[in-house]
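Peer 1: Numbering follows the working numbering, with no gaps: position 196 of the sequence shown is 196.
Backbone N, C-alpha and C fix where the C-beta goes; we use that ideal spot for every residue, glycine too.
Fair warning: this is a prediction, and the values are worked out from it, not measured in the lab.
Can you read through this structure? Questions will come right after.
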Amino acid sequence: MYQPLLFCISHIENVIIHAMKFYLVLLFLLIPYLSAADSIVGGENTYVVREGDSLSLISSRLGVSVDSIVRKNHIDPKKPIHKGLELLVNTKKIVPMTTDNGIIINVPDRMLYFFRNGKLEMYFPVGLGKAPKKGRRDWSTPLGKFSVQRKDRNPTWFVPVSIQQEMQEQGEPVKTIVPPGPDNPLGRFAVRISVPGILIHETIAPTSVYTFRSHGCIRVMPEHIEQFFGKVEINTPGELIYKPVKAAISDQGRVFLEVHKDIYGKIKNLKDETVQVIEQLGVAEKVNWEKIETMLREKSGIVEDITL
């Protein structure tokens with residue numbers, strides 16, 4: 001007599017489990033898992049493709065390169081992906097540094113880490129300034145300490161003179177002021193920091209997140225900026241840092257390494273930098289140096305176990 005009821009409960013459970021898969025990875029980004037050492041976040045997850053998704057959009061949303069998604073799932077990047085497709089993704093990140101309260105943005109790995117009360121509150125991918133190029137203005141995102149000065153909802157964009165000049169050089173209509181609305185590149189939320197001309201803001205070009213395509217500002221996906229805007233407070237300290245190589249020891253004693261491209265060309269020798277990072281961790285005798293050599297060649301940004 002209880003069979004129909006049990007079937008109903010089982011069906012509801014299956015629906016709930018399937019629905020949760022859509023948001024599993026996003027939850028990992030917003031409410032991260034921390035190792036015992038508070039240094040390794042994320043993990044191997046399943047992402048279910050949504051309506052309107054593309055590989056570049058998923059890359060921007062999760063902070064995972066398109067190449068790694070393609071390789072891990074053995075798919076053809078030239079073919080469209082369909083709604084409901086389940087993709088395996090590695091969202092694991094090594095936290096570059098910690099603080100009791102504040103914002104850490106590591107330029108090479110294009111991630112923002114937000115701490116409150118000694119804990120990592122949330123972290124998410126960001127878009128940053130273009131890599132320096134000879135014969136072109138330097139649009140790289142500046143490094144250094146800052147503080148949150150203001151929070152603007154539906155901001156007006158006062159176009160910097162340098163960008164006005166670029167518009168003119170490219171034969172585009174020169175804009176000086178862009179009011180709030182769907183064409184405003186600052187989106188609905190802008191966090192103004194003490195670095196002149198630099199904002200942390202929503203972007204209307206979501207696939208530019210987790211890339212180096214901005215004029216120096218820090219672009220954020222809509223779903224991430226909404227939560228961040230509500231949590232961050234005026235006078236919150238922060239720092240823009242530059243660590244293309246990160247290493248950490250898990251709570252099981254395994255050694256992990258993450259190597260990114262030296263996009264701004266600030267590291268004299270990436271191999272020497274890696275050796276120094278591993279030696280500072282005190283694990284030089286416990287790692288597989290052949291695997292490290294491979295990681296230095298690939299510079300994939302994927303966290304890998306290098307334990308010997």
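1. Out of 48, 65 and 50, point me to the one whose CA is closest to residue 56's CA.
2. Report buried or exposed for residue 139, applying the criterion of at least 16 other Cβ atoms within 10 angstroms of its Cβ.
3. Exposed or buried, which one is residue 161 when buried takes at least 16 other CB atoms within 10 Å?
4. Taking the beta carbon of residue 221 as the centre, do at least 16 other beta carbons fall within 10 Å, making it buried, or is it exposed?
5. For residue 306, does the count of other Cβ atoms within 10 angstroms reach 16, so buried, or fall short, so exposed?
6. Residue 311 to residue 192, Cα distance in whole Å?
7. Taking only the alpha-carbon atoms, compute the straight-line gap between residue 301 and residue 68 and give it to the nearest angstrom.
8. Which value, in whole angstroms, describes the spacing of the CA atoms of residue 291 and residue 88?
9. Tell me whether residue 88 sits in a helix, a strand or coil according to DSSP, three-state version.
10. Could you tell me the alpha carbon to alpha carbon distance between residue 285 and residue 170, rounded to whole angstroms?
11. Applying the 10 Å Cβ sphere with the 16-neighbour rule, what's the burial state of residue 277?
12. Is residue 61 helix, strand or coil by DSSP?
13. I'd like to check one pair, residue 274 with residue 259: are the Cβ atoms closer than 9 Å?
14. Buried or exposed, going by whether 16 or more other CB atoms sit within 10 Å of the CB of residue 51?
Peer 2: The short version:
1. In the sequence shown, counting from the first residue as 1, residue 56 sits at position 56. Closest option to residue 56, Cα to Cα, is 65.
2. Counting from 1 along the sequence shown, the entry for residue 139 is found at position 139. Within 10 angstroms of the beta-carbon of residue 139 lie 16 or more other beta-carbons, which makes it buried.
3. Sequence index remark: in the sequence shown, residue 161 carries index 161 (1-based). Flag for residue 161 reads exposed.
4. Here residue 221 refers to the residue found at position 221 when the sequence shown is read from its first residue. Result: buried.
5. By 1-based counting over the sequence shown, the position of residue 306 is 306. Residue 306 is buried by the Cβ-count criterion.
6. With the chain represented from 1 up to 308, any question about residue 311 goes unanswered, as that position is not in the structure.
7. Your numbering for residue 301 matches position 301 in the sequence shown. Your numbering for residue 68 matches position 68 in the sequence shown. Distance between the alpha carbons of residue 301 and residue 68: 9 Å.
8. Along the sequence shown, one-based indexing puts residue 291 at 291. Along the sequence shown, one-based indexing puts residue 88 at 88. In this structure, the CA atom of residue 291 is about 23 Å from the CA atom of residue 88.
9. Looking up residue 88 in the sequence shown gives position 88. In the structure shown, residue 88 sits in a strand (DSSP, three-state: E or B).
10. Translated into positions along the sequence shown, residue 285 becomes position 285. Translated into positions along the sequence shown, residue 170 becomes position 170. Each residue's alpha carbon lies about 54 Å from the other.
11. Translated into the one-based positions of the sequence shown, residue 277 becomes position 277. Around the beta carbon of residue 277, a 10 Å sphere encloses 16 or more other beta carbons of the protein chains shown; the residue is thus reported as buried.
12. Within the sequence shown, residue 61 is the residue found at index 61, counting from 1. If DSSP states are grouped into helix, strand and coil, residue 61 belongs with the helices.
13. The count along the sequence shown starts at 1 and reaches residue 259 at position 259. The count along the sequence shown starts at 1 and reaches residue 274 at position 274. Cβ atoms of residue 259 and residue 274: closer than 9 Å.
14. The residue given as residue 51 occupies position 51 in the sequence shown. Here residue 51 is exposed. Its C-beta has fewer than 16 other C-beta atoms within 10 Å.
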